[in-house]
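Protein chains in written order, with my numbering: chain A, 1 to 333; chain B, 1001 to 1333. For each residue, glycine too, the CB sits at the ideal point set by N, CA and C.
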């Protein structure tokens, strides 16, 4: 190991804090700064926000540009929003400051279908600056897209892909319970879903990324989301879902070629979901079936993948990259 | 897809032929030449060697340098030997000719421990030429090393790794049956093993590659190989193993830190091996268990991975790369 990678955390919500906490534990990473727009966080020591015993000496700053220009980090650990339009200026700023980016923004994982123009402007800025921008995470970024592409490496041909991800929300923390709508009434769920306050962001991106990764020329992506209702009272450490309330959600994403579904992503996240797992099945020559027993550990996986991707982006080509363009993520110490 | 990748096959043994056959089926790849040193193959059409109905127009050449200089391919699909010293001149030639290389040479997958000087000379030549050299395959290159590294991306920390690969040799073709010593007497097996005519090449490389990938500072690698004897007569489509003969082999590779095994690779390849599978278990925070049901399809996987890595090397940095340095392999069409 040479000198540690100098990293700034931007965005100190649940994911950003978990990633910052992990980054602080890595010898090969030196966390040198933290940025957030929340006035309640600005000026506080990061150790305070993380409820650590000791101060870190890293004081949260509100002015991203001033922080990046002063600190000149190698990589920005970026966890501010799921939505690409909301983070565009932040990513362009990072490029202007010559800083590589690993971002948890779900819509950045494969932005071409939804945000082609924004993606092109980010790519152009990063190429001009010689920096790399990568959107990643557990899902999208790994479980239902990256792993399907990697699994296809052992095949001659693939006719169809199915990825199943089952998460028992009872084993997860409050942010995920809220994200899946646990405890809401059905009407409230639909309302919050429409408002973007619950639901899973990234299914469209995952379908398109699998399509790209396996060379399917998709002519359509179809998404559905439905509430899974509790058939009995369900207890979790954080809340109780009563019979008839929403236990969570189920999302399907289909990638179609000539009206045939060649990619099917099936995501279930609800309290009491049976047999939690990640399973990838390639209808291929030869067929492949790959399974993570118990599922990819969700609360930790996104923070881990973000931090474990920091070294990789420094070695990657300039521009906006997907997880299929850069060296694969792996544990850093 | 832009213009097809121009590829030359070098080495037309079982793996080389399987990879060439697959490359011929890919629209994104144009196989433009074939090289072998076997006088019985030189001058014959590749379609003839592959027992295709039609000629390919690709005539096997014996003079690698003349072929590469004339054809100027993008990538060399290199399948001539398992051993790095045997292929050194071929890899240096490819660099001199400005050609990227995807190689099945097992000892090239992570050559540092055994062949540091040769690796350095290949790396220097490739960097000077601006070309990439990659050693890959199903094992080493994917099943017991690459996948363990990829799986670690979702963890905060890993204390120990175990990879189990079980191959029922009865389901495989003659070259694998010979490689595992099926049908030999025990003494003959030991003799052939010592002479390098049977056994698995690449275990040392896989252990070291996992060590690198997961950041273990290994101070020792220990390897064992033993014959698995048939307890009854075992029939395969290609040969019968009689009771008391060798059914195949079992190899263990251990990577040690301070005399503790932190990496354990357990490879069983014999006729009748129960529960064929590839299974990776990370004793980590959180733990991870990943399993390919039925195992990674061995006869096809190496050819597939080689061909599916061809596009990746053209985008990779110059020099000798490992599978952890380049964009991950995925199906090409």
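For the beta strand (DSSP E) that contains residue 1190 (chain B), what are its first and last residues? Within the second chain, numbered from 1, the residue matching residue 1190 (chain B) stands at position 190. Unbroken run through residue 1190 (chain B) is the alpha helix (DSSP H), 1186-1194; no beta strand (DSSP E).
Can you check which of these residues, A:280, A:267, A:224 and A:271, is closest to residue 168 (chain A) by C-alpha distance? Along the first chain, one-based indexing puts residue 168 (chain A) at 168. The option with the nearest alpha carbon to residue 168 (chain A) is A:271.
Quick one: is residue 1016 (chain B) buried, meaning 16 or more other Cβ sit within 10 Å of its Cβ, or exposed? Taking the first residue of the second chain as position 1, residue 1016 (chain B) is located at position 16. It counts as buried.
Inter-stretch contact at 8 Å, needing at least 3 Cβ pairs: the segment 142-162 of chain A / the segment 278-292 of chain A: yes
Residue 67 (chain A) by DSSP, collapsed to three states: which one? In the first chain, the residue the question calls residue 67 (chain A) occupies position 67. Of the three classes helix, strand and coil, the one that applies to residue 67 (chain A) here is helix, per DSSP.
CA-CA distance, residue 76 (chain A) and residue 233 (chain A)? Taking the first chain and counting its residues from 1, one reaches residue 76 (chain A) at position 76. Taking the first chain and counting its residues from 1, one reaches residue 233 (chain A) at position 233. One C-alpha to the other measures close to 43 Å.
Test: residue 336 (chain A) CB closer than 8 Å to a CB of chain B: Nothing can be reported for residue 336 (chain A), as the shown portion of chain A is limited to 1 through 333.
Quick check: the Cα distance between residue 141 (chain A) and residue 1089 (chain B), rounded to an integer number of angstroms? As a working mapping, residue 141 (chain A) is identified with position 141 in the first chain. As a working mapping, residue 1089 (chain B) is identified with position 89 in the second chain. The straight-line gap from Cα to Cα measures roughly 40 Å.
Closer than 8 Å to chain A by CB, residue 1043 (chain B): Along the second chain, one-based indexing puts residue 1043 (chain B) at 43. For residue 1043 (chain B), the answer is no, since every Cβ of chain A falls outside 8 Å of its Cβ.
Best match in A:329, A:143, A:295 and A:69 for proximity to residue 99 (chain A) [C-alpha to C-alpha]: For the purposes of this step, residue 99 (chain A) is taken as residue 99 along the first chain, with counting starting at 1. Cα-wise, what sits closest to residue 99 (chain A) is A:69.
Over the uninterrupted beta strand (DSSP E) stretch that includes residue 203 (chain A), give me the two end residues. Position 203 of the first chain holds residue 203 (chain A). Segment 203-213 is the alpha helix (DSSP H) holding residue 203 (chain A); no beta strand (DSSP E) there.
Have a look at residue 14 (chain A) and residue 1292 (chain B) and give me their C-alpha separation to the nearest angstrom. As a position in the first chain, residue 14 (chain A) is number 14, starting the count at 1. As a position in the second chain, residue 1292 (chain B) is number 292, starting the count at 1. Whole-angstrom Cα-Cα distance: 33 Å.
Counting only the same chain and skipping the five closest in sequence on each side, list residues whose C-beta sits under 8 Å from that of residue 1110 (chain B). Translated into positions along the second chain, residue 1110 (chain B) becomes position 110. 1135, 1140, 1145, 1205, 1206, 1208, 1209, 1212 and 1322, listed in sequence order.
Should residue 1187 (chain B) go down as buried or exposed, given a rule of 16 or more other Cβ atoms within 10 Å for buried? Numbered from its first residue, the second chain carries residue 1187 (chain B) at position 187. Classification for residue 1187 (chain B): exposed.
Considering only residues of the same chain and omitting the five flanking positions on each side of residue 1242 (chain B), which have a CB-CB separation below 6 Å? Here residue 1242 (chain B) refers to the residue found at position 242 of the second chain. These residues qualify, in order along the chain: 1233.
Buried versus exposed, by CB contacts within 10 Å (16 or more), residue 1051 (chain B): Within the second chain, residue 1051 (chain B) is the residue found at index 51, counting from 1. So residue 1051 (chain B) counts as exposed.
Beta strand (DSSP E) segment containing residue 1285 (chain B), residue limits: As a working note, residue 1285 (chain B) is residue 285 in the second chain. Residues 1277-1285.
Thinking C-alpha only, which one of A:173, A:83, A:330 and A:180 is nearest residue 18 (chain A)? Position 18 of the first chain, counted from the first residue, corresponds to residue 18 (chain A). Taking only the C-alpha atoms, the option nearest residue 18 (chain A) is A:173.
Note down, in chain order, each residue of its chain lying with its Cβ closer than 8 Å to the Cβ of residue 276 (chain A), except the 5 sequence neighbours on either side. The residue given as residue 276 (chain A) occupies position 276 in the first chain. Once the five neighbours on either side are set aside, the close Cβ partners of residue 276 (chain A) are 166, 167, 168, 171, 294 and 295.
Starting from the N-terminal side, write out each stretch of the beta strand (DSSP E) that is 3 residues or longer and does not extend beyond the segment 44-124 of chain A. 75-78 and 100-103
Where does residue 158 (chain A) sit, in a helix, a strand or coil, going by DSSP? As a position in the first chain, residue 158 (chain A) is number 158, starting the count at 1. Residue 158 (chain A): strand per DSSP, three-state reduction.
I want to verify the contact list: residues of chain B whose CB lies under 9 Å from the CB of residue 292 (chain A), in sequence order. By 1-based counting over the first chain, the position of residue 292 (chain A) is 292. Residues of chain B passing the Cβ test: 1151, 1154, 1288, 1289, 1290 and 1291.
Residues of chain B with a CB under 7 Å from the CB of residue 308 (chain A): which are they? What you label residue 308 (chain A) is simply residue 308 of the first chain in a count that begins at 1. Within chain B, the residues near residue 308 (chain A) are 1153.
Using a Cβ cut-off of 8 Å, pull out every chain B residue sitting near residue 330 (chain A), in sequence order please. Mapped onto the first chain, residue 330 (chain A) falls at position 330. Ordered by position in chain B, the residues that pass the 8 Å Cβ test against residue 330 (chain A) are 1149, 1150, 1152, 1153, 1213, 1214 and 1324.
Residue 1302 (chain B) - DSSP class collapsed to helix/strand/coil: Looking up residue 1302 (chain B) in the second chain gives position 302. In the structure shown, residue 1302 (chain B) falls within a helical segment according to DSSP collapsed to helix, strand and coil.
Write down every uninterrupted run of the beta strand (DSSP E) in the segment 239-280 of chain A whose length is 3 residues or greater and which is fully enclosed by it, in chain order. 246-257 and 260-270
Would you call the segment 122-131 of chain A and the segment 309-324 of chain A touching, i.e. three or more CB-CB distances under 8 Å? yes
Are residue 37 (chain A) and residue 151 (chain A) touching if we call contact CB-CB under 8 Å? Locating residue 37 (chain A) in the first chain gives position 37, where the first residue counts as 1. Locating residue 151 (chain A) in the first chain gives position 151, where the first residue counts as 1. A distance of 8 Å or more separates the beta carbons of residue 37 (chain A) and residue 151 (chain A).
Helix, strand or coil: how does DSSP classify residue 227 (chain A) here? Along the first chain, one-based indexing puts residue 227 (chain A) at 227. Of the three classes helix, strand and coil, the one that applies to residue 227 (chain A) here is strand, per DSSP.
Going by beta carbon distance, what residues of the same chain come within less than 6 Å of residue 1106 (chain B), once the five residues before and after it are set aside? Position 106 of the second chain, counted from the first residue, corresponds to residue 1106 (chain B). Excluding residues within five positions, the ones whose Cβ falls inside 6 Å are 1082, 1140, 1201 and 1202.
Interface residues of chain A facing residue 1158 (chain B) [CB-CB closer than 8 Å]: Taking the second chain and counting its residues from 1, the one referred to as residue 1158 (chain B) is at position 158. By Cβ distance, chain A contributes 331.
With DSSP collapsed to three states, give me the class of residue 25 (chain A). One-based indexing of the first chain puts residue 25 (chain A) at position 25. Three-state DSSP puts residue 25 (chain A) in coil, outside helix and strand.
Return no unless some Cβ of chain A is closer than 8 Å to the Cβ of residue 1073 (chain B). Counted from its first residue, the second chain places residue 1073 (chain B) at position 73. Not closer than 8 Å to any Cβ of chain A, the Cβ of residue 1073 (chain B) fails to qualify, so no.
Helix or strand or just coil, what does DSSP make of residue 1341 (chain B)? Beyond the ends of chain B as shown, which are 1001 and 1333, falls residue 1341 (chain B); an answer cannot be given.
Should residue 304 (chain A) be flagged as near chain B, meaning a C-beta pair shorter than 8 Å? Counted from its first residue, the first chain places residue 304 (chain A) at position 304. Output row for residue 304 (chain A): interface = yes.
Just to confirm, is the Cβ distance from residue 962 (chain B) to residue 327 (chain A) under 8 Å? Because chain B spans 1001 through 1333 in this model, residue 962 (chain B) falls outside it and cannot be assessed.
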